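Residue numbers (our numbering): 142 to 892. Positions of the beta carbon are idealized from the N, C-alpha and C atoms, including for glycine. Remember, it's a predicted structure, so these values are computed and weren't measured experimentally.
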């Protein structure tokens with residue numbers, strides 16, 4: 142239904158539409174959305190109810206309650222919703238959309254929480270799902286109401302449109318637009334004026350990537366669809382056999398009975414929609430399962446420890462990404478095909494048992510199926526050896542590409558291709574073995590069965606037993622078994638490939654579950670510990686010395702790299718108060734960068750206690766810790782991504798950015814001395830940079846990394862060797878910017 146078809150929805154300030162409609166309750170007659178709105182004090186209940194109704198299975202804990210501090214700004218509210226969702230065991234993803242794309246966004250983000258601005262107090266809608274162009278909105282009593290998406294969108298637009306509607310109405314009045322056409326003209330002017338404006342205030346709820354995978358599949362309704370796919374396949378296959386029986390009986394009786402022919406035609410017509418249903422369900426399963434797998438693998442890659450990444454190398458990680466395609470192929474039907482083919486094989490054995498050769502023919506099929514399984518086992522072993530050879534070559538190739546300049550300058554020409562011929566020969570040998578196995582299980586075995594199946598009819602034929610009908614049944618069973626063996630071979634080979642791929646990607650898959658239970662939501666001013674909180678004295682004057690509460694505290698902190706005998710950091714204790722400017726100097730290899738990684742939450746200490754505003758990393762959560770402590774790692778550990786200059790600056794803040802974000806980013810860049818660079822780049826902040834775009838110098842990259850850390854708005858900024866590539870004049874300019882912008886600063890440098 143559209144907004145025009147339902148009186149009371151989508152009324153403009155000057156509209157005279159009747160109130161009510163769509164079966165509104167009596168208390169909804171004045172403001173149809175009023176009875177569906179959740180007040181701010183029940184925001185935690187709304188999150189819990191939304192996660193429950195959305196099938197996300199939240200934890201059975203008391204719903205958190207926001208305070209006035211959380212409602213002061215959009216950023217504070219977003220941070221609270223993120224932590225409250227984590228407390229309930231789900232994830233809240235903020236959604237931002239342009240004015241002219243909000244309707245489409247609302248239709249695809251359920252279950253979602255929608256912030257309704259413009260009232261005296263913040264109000265929220267809990268959107269559970271969608272039906273066509275209507276959204277199912279959750280009431281406070283856990284019942285639902287269907288609301289047109291246009292109505293919710295216009296309620297979201299109301300505060301924004303109120304700023305420009307007087308001007309729009311003046312334009313329409315001056316132009317003399319007729320009253321009956323004024324509504325459409327107003328809509329067109331609003332879309333033209335507000336179309337590019339980005340609106341936020343929508344949070345989509347979902348399971349976190351580290352949740353048990355079976356829960357993720359259940360939330361995406363993948364098991365239900367797989368069962369539906371198997372049921373449709375079984376039904377279609379059974380109907381197909383019935384078609385053969387009805388038509389074949391009429392032919393074998395040498396009498397074309399119209400009734401049997403009509404029955405066969407009806408059965409065949411029923412198979413067509415079942416096939417369409419199978420194709421539709423198969424596509425849904427493939428898309429949803431593949432998306433979940435890719436999301437979890439990406440989350441696992443980001444959760445890996447830095448030492449794990451370094452020990453593997455870029456080439457091995459690329460090989461793991463390539464191998465993940467086998468898991469995706471399994472999600473796209475390999476496993477379902479194997480199960481369906483097994484059912485077809487059983488059905489074919491039953492048909493063969495009714496044929497001329499009887500049970501012996503069915504036993505021959507079973508023996509042939511066992512042979513296929515044995516060949517698939519050999520295929521698995523050969524595929525594993527081939528995969529190992531291919532991944533080794535991939536790793537070597539990536540290492541050679543990454544180190545090309547170094548090898549070109551320092552390695553002797555005669556050693557550039559050392560070992561490549563041997564690796565290629567080994568790979569070709571493994572490829573030939575794998576090709577032979579694929580031919581055996583994919584071509585010879587299904588077609589070889591046709592010969593073996595027909596040969597199984599020789600004993601009854603030579604004995605002169607059996608009728609024409611039983612021979613026809615046996616031949617039909619042979620054909621059915623050939624098709625089943627073809628599907629079984631393809632399904633088992635897919636399962637074998639997926640099993641090998643799993644050995645490569647299981648580390649990434651399981652790494653997504655790291656981190657433990659999310660922390661509870663923090664009080665509104667947890668980012669800035671109030672004076673006297675947690676037993677820490679507030680600002681006082683002790684003579685002429687001001688005692689400030691610590692932001693970061695470390696007590697006997699220790700960390701040892703994997704495989705190292707000596708710790709990189711041993712028994713370190715420090716206290717960093719708000720507003721401190723700390724310079725940490727020391728020789729190379731002294732543990733400065735390791736300490737920086739510990740302070741910024743990129744590493745977890747092996748021993749000791751590290752507190753941020755009185756909370757440790759477990760209580761605060763790794764993500765919340767990194768939001769409060771921003772770090773610019775050393776140059777070789779930082780990266781300019783292939784994207785716009787603005788994206789590289791604001792990737793730690795929010796994306797897409799607001800106009801104020803872009804203005805602040807440009808201002809910081811000019812303070813850091815990057816104004817000349819912005820003037821040279823044709824696109825300015827929108828210029829594409831990185832390996833495939835505008836090339837930045839060493840010093841420009843360093844200042845980009847500094848700006849990226851400053852733009853995060855964190856309480857503590859840690860800069861690790863960030864000024865090493867700057868000349869004295871640029872260093873002085875950049876340092877003035879950092880000292881002015883960073884609230885609390887830790888700079889690591891060589892003496």
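* **Where residue 700 sits in the DSSP three-state scheme** => strand
* Leaving out five residues before and five after residue 345 in sequence, what residues of the same chain have Cβ atoms less than 6 Å from its Cβ? -> 234, 236, 250 and 253
* Asked: Assuming residue 797 and residue 339 make a contact with CB atoms under 8 Å, what is their CB distance in whole Å?
  -> 6 Å
* Runs of alpha helix (DSSP H) wholly within the region 802-886 (minimum 4 residues, chain order) -> 816-821, 839-851 and 869-882
* **DSSP state of residue 638 mapped onto helix, strand, coil** => helix
* Asked: So is residue 844 buried or exposed if we call it buried at 16+ other beta carbons inside 10 Å?
  -> buried
* Name the DSSP beta bridge partners of residue 888, please? -> 724 and 860
* To do: In the DSSP assignment, find the unbroken alpha helix (DSSP H) run with residue 539 in it and report its ends.
  => 500-543
* Quick one: Cα of residue 890 to Cα of residue 862, how far? -> 5 Å
* To do: For my contact list, residue 523 and residue 574 are in at a C-beta cut-off of 8 Å; report their separation, rounded to the angstrom.
  => 5 Å
* Proximity winner among 476, 175, 700 and 337, relative to residue 734 (alpha-carbon distances) -> 700
* To do: Going by CA-CA distance only, name the one from 292, 260, 262 and 259 that's closest to residue 268.
  => 292
* alpha helix (DSSP H) containing residue 221: first to last residue? -> 215-228
* alpha helix (DSSP H) segments (min. 4 residues) lying fully within the region 345-417 -> 354-360 and 363-393
* Asked: Between residue 722 and the rest of its own chain, which residues show a CB-CB distance below 7 Å, the 5 nearest in sequence each way excluded?
  -> 880 and 886
* Could you tell me whether the Cβ atoms of residue 807 and residue 646 are closer together than 9 Å? => no
* Under a CB-based cut-off of 9 Å, is residue 457 close to chain D? -> Here chain D cannot be found, since the structure has a single protein chain.
* To do: Leaving out five residues on either side along the sequence, give the residues of the same chain with a beta carbon under 8 Å from the beta carbon of residue 684.
  => Confidence in residue 684 is poor, its pLDDT being 46 and thus under 50, which makes the residue's placement unreliable; the coordinate value appears in the next sentence. Cβ neighbours of residue 684 beyond the five flanking positions: none.
* Contact under 9 Å by Cβ, residue 648 with residue 441 -> yes
* Spatial neighbours of residue 677 in its chain, beta-carbon cut-off 6 Å, leaving aside the 5 residues before and after -> A caution first: residue 677 carries a pLDDT of 30, below 50, which makes its placement in the model too unreliable to give a value.
* Any chance the region 486-496 sits against the region 554-572, with 3 or more Cβ pairs inside 8 Å? -> no
* Starting from residue 566, trace the alpha helix (DSSP H) both ways and give me its first and last residue. => 561-580
* **Cα-Cα separation between residue 888 and residue 194, rounded to whole angstroms** => 49 Å
* alpha helix (DSSP H) containing residue 491: first to last residue? -> 476-494
* To which residues of the same chain is residue 621 closer than 8 Å at the C-beta, ignoring the five residues directly before and after it? -> 382, 485, 488, 489 and 492
* Would you report the Cα separation of residue 457 and residue 542, rounded to the nearest angstrom? -> 14 Å
* To do: For residue 223, count neighbouring C-beta atoms within 10 Å of its own C-beta (all shown protein chains included) and say buried if the count is 16 or more, exposed if not.
  => buried
* Segment contact, 8 Å Cβ cut-off, at least three pairs: the region 749-763 with the region 827-842 -> no
* **residue 261 - DSSP class collapsed to helix/strand/coil** => coil
* Asked: In the structure shown, what three-state DSSP assignment does residue 241 receive?
  -> helix
* Just the C-alpha distance for residue 226 and residue 239, rounded to the nearest angstrom, thanks. => 25 Å
* Going straight from the alpha carbon of residue 590 to that of residue 498, what length do you get? -> 15 Å
* Relative to the alpha-carbon of residue 211, which residue among 189, 599, 190 and 263 has its alpha-carbon at the smallest distance? -> 263
* Asked: Taking Cβ positions, are residue 639 and residue 476 nearer each other than 9 Å?
  -> yes
* Alpha carbon to alpha carbon, how far is residue 377 from residue 433? Give it in angstroms, no decimals. => 29 Å
* Counting only runs that start and end within the region 713-775, where is the beta strand (DSSP E) found for 3 or more residues in a row? -> 722-726, 748-753 and 770-773
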